[in-house]
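Residue numbers (this note's numbering): 13 to 112. Using N, Cα and C, we set each Cβ at its ideal position, and we do this for glycine too. This one's a predicted model, so the numbers in the text were calculated from it and none came from an experiment.
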């Protein structure tokens with residue numbers, strides 16, 4: 013079951029996380045609709061980062077081995093960066109929509 017869950021999650025993440033890079037590309041090209049992709053993509057990145065962090069915390073508290081201590085810390089750092097990127101993008105997109 014674990015193998016199926018992780019493979020399905022990876023496929024779903026690949027299908028849904030394209031929206032934030034798309035927002036960045038549209039912003040770089042000065043396309044007005046970037047903010048809608050930014051809100052959607054930012055939400056996905058906040059969800060992905062938060063889910064990853066809380067999943068590891070919950071599994072560790074229940075006694076599951078989720079990796080070596082340095083690897084788990086590294087995962088927290090990268091997942092935190094994902095979530096922070098999402099929050100910043102949401103704030104910028106909301107500001108852009110409010111201004112227009």
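Limits of the alpha helix (DSSP H) - the one that residue i falls within
| i | result |
| --- | --- |
| residue 100 | 81 to 111 |
| residue 38 | 31 to 40 |
| residue 58 | 46 to 73 |
Cβ neighbours of residue i in the same chain (closer than 6 Å, five flanking residues each side left out)
| i | result |
| --- | --- |
| residue 61 | 91, 94, 95 |
Same chain only: Cβ atoms within 8 Å of residue i, ignoring 5 sequence neighbours per side
| i | result |
| --- | --- |
| residue 102 | 50, 51, 54, 55, 58 |
8 Å Cβ cutoff met for residue i and residue j
| i | j | result |
| --- | --- | --- |
| residue 108 | residue 47 | yes |
| residue 87 | residue 68 | yes |
Spatially closest choice to residue i from the options, by CA coordinates
| i | options | result |
| --- | --- | --- |
| residue 32 | 64, 97, 110, 81 | 97 |
| residue 39 | 78, 63, 105, 77 | 105 |
| residue 25 | 44, 63, 45, 43 | 63 |
Residue-level contact to chain C via CB, residue i, 8 Å cutoff
| i | result |
| --- | --- |
| residue 80 | The structure shown contains no chain C; it is built from a single protein chain. |
Cut-off 7 Å between Cβ atoms - residues of its own chain near residue i, not counting five sequence neighbours on either side
| i | result |
| --- | --- |
| residue 28 | 56 |
| residue 72 | 78 |
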